[in-house]
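J.: After the structure tokens below, expect a handful of questions from me.
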Amino acid sequence: MELTEQRIANGNELYKEGRYVDARREYSAAIRELDDAAEASPLVMSRILANRAQTYLQEREYALAFKDADAAVENDPLNVKAHMRRVIACENLEKFDAALKHVRHMLTLSLDSPTLTYALTTQSRLKRNCKSDAAAAKAERYEVGKLVHSQQSLRLNFGSMLPSHLPVGDWIDVVFFVANEFGLFQRGLLPSSVPLTVSIHGFSSTGLNVTLEIDSKSLPVEVGVNGKAAARLRIVPSSSVDQASGTLAASRFSLRADLAKGHHVDDVLPVVSLPIQAIPTTSTILFEYENDPLGIQCC
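According to full-length UniProt numbering, the sequence shown is numbered sequentially starting from 1.
Here it is, written out as structure tokens:
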């Protein structure tokens, strides 16, 4: 215990010199010694934690200061300095409601005149901050409400770039998401997951000679309550087509996704990709994933 008190005294001297990191090192060592002691005093622990919280306040590490000050109050509910430092940390973290609650609790303690004046002044300031904070939050909700509302038009979108050429048999991961015309989605619009149908459609009058295959691990493909879905898929030759033959060169298709009907979201528009060229796996064609200037490839 003597060594612990000596470390506290050393920390206090270092703090007075403005050496906050060194002071905190002494306080931390004292805390470790108390943790290892057979009979640790909660009052002493509270005093050290409050001191270490003050070093964090000096360096504007408000989250760490709050953690130490809160622990100090738990160890000694009558530690006025710990209460003050918890309020200061909370206010600087802009958690005005919590800070107001803590300062009101502080006012139930026995306070000397300067501390009482501080607490009352802080309470008045926090009340004003809480009102302005609530007004700002209300205004923000109003502005967002202009962009996300019950009358909005929703549609499916691709959340990942699609290639302009796709080798037969190559797997690709595709992300889908629901959004309004501003690209926003509000949680609560989908009360539960909604099945998503993914299909391909050709541009040739003779029909497609490839079919779509979805990885079994991606099934069932569903849009979750967060408005998002993902699927791993590929195109494979139709049964009558040789994968290596040149007939695949005529296969141009679009990828389409639709939400299932009967889930209270029947008005969500489908999404259709730009044309994708199927190429044989053995093809020597080189292609790159071009950057879509709009950031999304759909029409």
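Where a beta carbon is used, it is the ideal one built from N, C-alpha and C, also for glycine.
Bear in mind the structure is a predicted one, so any value in this text is a computation, not a measurement.
Go through the region 78 to 108 residue by residue and report every complete run of the alpha helix (DSSP H) that reaches 4 residues or more, in order.
T.: Fully enclosed alpha helix (DSSP H) runs of 4 or longer: 80 to 92, 96 to 106.
J.: Starting from Lys-67, trace the alpha helix (DSSP H) in both directions and tell me its first and last residue.
T.: Residues 62 to 75.
J.: Fully enclosed by the region 190 to 243, which beta strand (DSSP E) runs are 3 residues long or longer?
T.: 194 to 202, 210 to 214, 228 to 237, all fully within the region 190 to 243.
J.: Taking the alpha carbon of Val-265 as the point to measure from, which residue in Thr-4, Ala-69, Pro-163, Val-194 has its own alpha carbon closest?
T.: Minimum Cα distance to Val-265 is reached at Val-194.
J.: What is the DSSP secondary structure of Ala-53, reduced to helix, strand or coil?
T.: Ala-53 falls in the helix class under three-state DSSP.
J.: Kindly indicate the opening and closing residues of the beta strand (DSSP E) around Asn-12.
T.: Note, Asn-12: premise wrong, no beta strand (DSSP E); alpha helix (DSSP H) at 2 to 16.
J.: Is the region 204 to 218 close to the region 178 to 188, with three or more CB pairs under 8 Å?
T.: No: the two stretches stay apart, fewer than three of their Cβ pairs being nearer than 8 Å.
J.: So Asp-170 and Arg-232 are supposed to be a Cβ contact under 8 Å. How far apart are they, rounded?
T.: Wrong, their Cβ atoms sit about 11 Å apart, outside the cutoff.
J.: For Leu-255, report the span of its beta strand (DSSP E) as first-last.
T.: First-last of the beta strand (DSSP E) with Leu-255: 252 to 259.
J.: When the Cα atoms are used, what is the spatial distance from Glu-114 to Leu-120?
T.: The residue asked about is misnamed: residue 114 is Pro in this sequence, not Glu. Going from the Cα of Pro-114 to the Cα of Leu-120 covers about 10 Å.
J.: Closest by CA to Arg-234, which one among Pro-167, Tyr-62, Met-84, Val-271?
T.: Cα-wise, what sits closest to Arg-234 is Pro-167.
J.: Considering Leu-156, what are the terminal residues of the beta strand (DSSP E) in which it resides?
T.: Per DSSP, Leu-156 belongs to the beta strand (DSSP E) from 155 to 158.
J.: Taking 8 Å as the CB-CB limit, is Arg-252 close to chain B?
T.: Structure shown: chain B not included; a single protein chain is present.
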